[in-house]
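Going down the list, the sequences are from chains A and B.
In case it helps, my numbering puts the first sequence at residues 1 to 119.
In case it helps, my numbering puts the second sequence at residues 1001 to 1301.
Below is one structure; the comments refer to it alone.
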Amino acid sequence: MNEIAPDALRGHTDAIVLTVLLGQDRYGYEIYKAIGDATGGEYEIKEATLYATFRRLVRDGLVEAYWGDETQGGRRKYYAITDAGRAFQAQSVRDWRATQRILTTLLDAKTTSNLKDPR
Amino acid sequence: MTTNESQLHRLLDDAFAGIPSTPDVQDLKEELRSSLIARVAELTAQGMPDAEAARRAIDELGDVRAAAQETAQLEAATPPTVDILALALANKVRPKPGFVMRTVVLSALIAIAATVLVLAFTGVWELAAGVMVSVGLAGIALPVGLLTADSLGQESTSNYPMPRKRAGLYGLAVGAILTGAAFVTWFGFETDQVWAGIVGVVIVVLGALLAAYLGVTQTNRHKPWTKAAAASHQFHNTWEEKPEDAARYGMYSGALWLLAIGAFVVLSLTVGFAWSWIAFLVAVLAQMIMTARMLFGRSEG
């Protein structure tokens, strides 16, 4: 696995979690699995980190949490995205696309290395 | 309870040892416990011995202790005193020019339609009922619905924009209620148009149901900075601080509007529609005075 990837990805944990919640309400372990599965296991967020993220998202009103009504085993705490969360997620996607476009251009040797000195 | 579960609980207790057992920390612990149980079940299903599965699951979690400590600190920290004005200024969002243009145009349309309808109701300008209903639909119901959807979909200084579909449904609900009201009014004037009355009531009820559904399922759309501002105790929330006053306000409001509706019906049947709407105007004024007294009234408890 690429060593640079985790550092670059860490700053986007909030947006990743919100994206996982777009379709339906999910509980912690399910979110953890969904992130691992989506990348074919290539990127896994540590679960403890994930739970700290949930608490921050709840505090900021981007998700709401509620305990499920499972009768056996551990009860599950579900997370639901709010309208604020949807807006934040959409903004994150737009920001990322812009970053990606700029970086793609700058890291393209054909364009960047051939720039002439303007003077 | 199986051996692997009791092993799990012990490992979890170890990780939380020495951390103050606050409600939030307890909550985190329960959440981690349910996740661990699921993971251990998965590992043992793959044939891993119980004890090893429990240890493996805990290890996979990452730094549980750090997460628990962070949670305890987050809860213990007193909310910082924030300068609300500075926060609002830093988060300021100007309305988009296109939105301002649409609002001005639609408001002008509504004002013209309202003027036409008032002239028609007071008999200054004789208009056929069909024309008046059309003016009400095209000039009031449609533009008010569009305005509602449009403004909910806008980002503001304190709110994120509402998702397009939900904003559209709010607009639809408002438009439907006004559309139904137009038909009911038509029936009020020409009582032989029974179908208009029935159609109107059905549309109003459907619109109200949609509005109620949207209201019940509405989630937060305030920006995080407003939460920080609210947590810093600079806002005094009379509704939560004085529950008796809030309850009294609710009951007074209910009585006021029942009275207004009753007065409207009685006045409509006796004096006529030209003047009966004043009952609602008076009720709105009374409501505003009550709200002001509730929010800014006597400062002592």
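Built from N, CA and C at the ideal position, the CB exists for glycine as well.
Values in this document were obtained by computation on a predicted structure and should not be read as measured data.
- Assigned with DSSP and collapsed to three states, residue 63 (chain A) falls in strand.
- Taken in chain order, the whole alpha helix (DSSP H) runs of length 4 or more contained in the stretch 1060-1130 of chain B are 1064-1076, 1084-1090 and 1097-1121.
- Linking residue 1229 (chain B) to residue 1084 (chain B) through their CA atoms gives a straight-line distance of about 6 Å.
- Residue 49 (chain A) places its beta carbon less than 8 Å from that of residue 1062 (chain B).
- Under the DSSP definition of a beta bridge, residue 77 (chain A) partners with A:67.
- At a cut-off of 8 Å, the C-beta of residue 1032 (chain B) has a neighbouring C-beta in chain A.
- Here residue 1177 (chain B) is buried. Its C-beta has 16 or more other C-beta atoms within 10 Å.
- Against chain B, the beta carbon of residue 49 (chain A) has neighbours under 7 Å at 1062, listed in chain order.
- For residue 1132 (chain B), the number of other beta carbons within 10 angstroms of its own is at least 16, and it is reported as buried.
- Chain A has no Cβ within less than 8 Å of the Cβ of residue 1148 (chain B).
- Residue 1213 (chain B) is bridged by DSSP to nothing; it lacks a bridge partner.
- By the 16-neighbour rule on beta-carbons within 10 angstroms, residue 1285 (chain B) is exposed.
- Chain-order list of chain B residues neighbouring residue 75 (chain A): 1030 and 1034, by C-beta distance under 8 Å.
- Counting C-beta atoms within 10 angstroms of its own C-beta, residue 114 (chain A) has fewer than 16 neighbours from the protein chains shown and is therefore classed as exposed.
- Look at residue 1012 (chain B): its C-beta is not under 8 Å from any C-beta on chain A.
- One alpha carbon belongs to residue 21 (chain A), the other to residue 10 (chain A), and they sit about 18 Å apart.
- Counting every other CB atom within 10 Å of its CB across the protein chains shown gives residue 1213 (chain B) a total below 16, marking it as exposed.
- For the pair residue 1119 (chain B) and residue 66 (chain A), the Cα-to-Cα distance works out to about 54 Å.
- Chain order gives the chain A residues near residue 1162 (chain B) as 83, where near means a beta carbon separation below 7 Å.
- Close to residue 1074 (chain B), with beta-carbon spacing below 7 Å, are these residues of chain A in chain order: 55.
- Using a Cβ-Cβ cut-off of 8 Å, residue 29 (chain A) is close to 1034, 1035, 1038 and 1039 of chain B, given in chain order.
- Bounds of the alpha helix (DSSP H) holding residue 101 (chain A) are 83-106.
- A:28 is the residue among A:7, A:68, A:41 and A:28 whose C-alpha sits nearest the C-alpha of residue 57 (chain A).
- The residues 1175, in chain order, have a CB closer than 7 Å to that of residue 1142 (chain B) in the same chain once the five nearest residues on each side in sequence are set aside.
- Cα atoms of residue 1255 (chain B) and residue 23 (chain A): separation of roughly 43 Å, rounded to the nearest angstrom.
- Per DSSP, the beta bridge partners of residue 26 (chain A) are A:79.
- Pairwise C-beta distances place the stretch 1146-1157 of chain B in contact with the stretch 1094-1113 of chain B, as three or more of them are shorter than 8 Å.
- Apart from sequence neighbours up to five positions away, the residues of its chain that approach residue 62 (chain A) with a beta-carbon distance below 8 Å are 14, 18, 81, 82, 84, 85 and 88, ordered along the chain.
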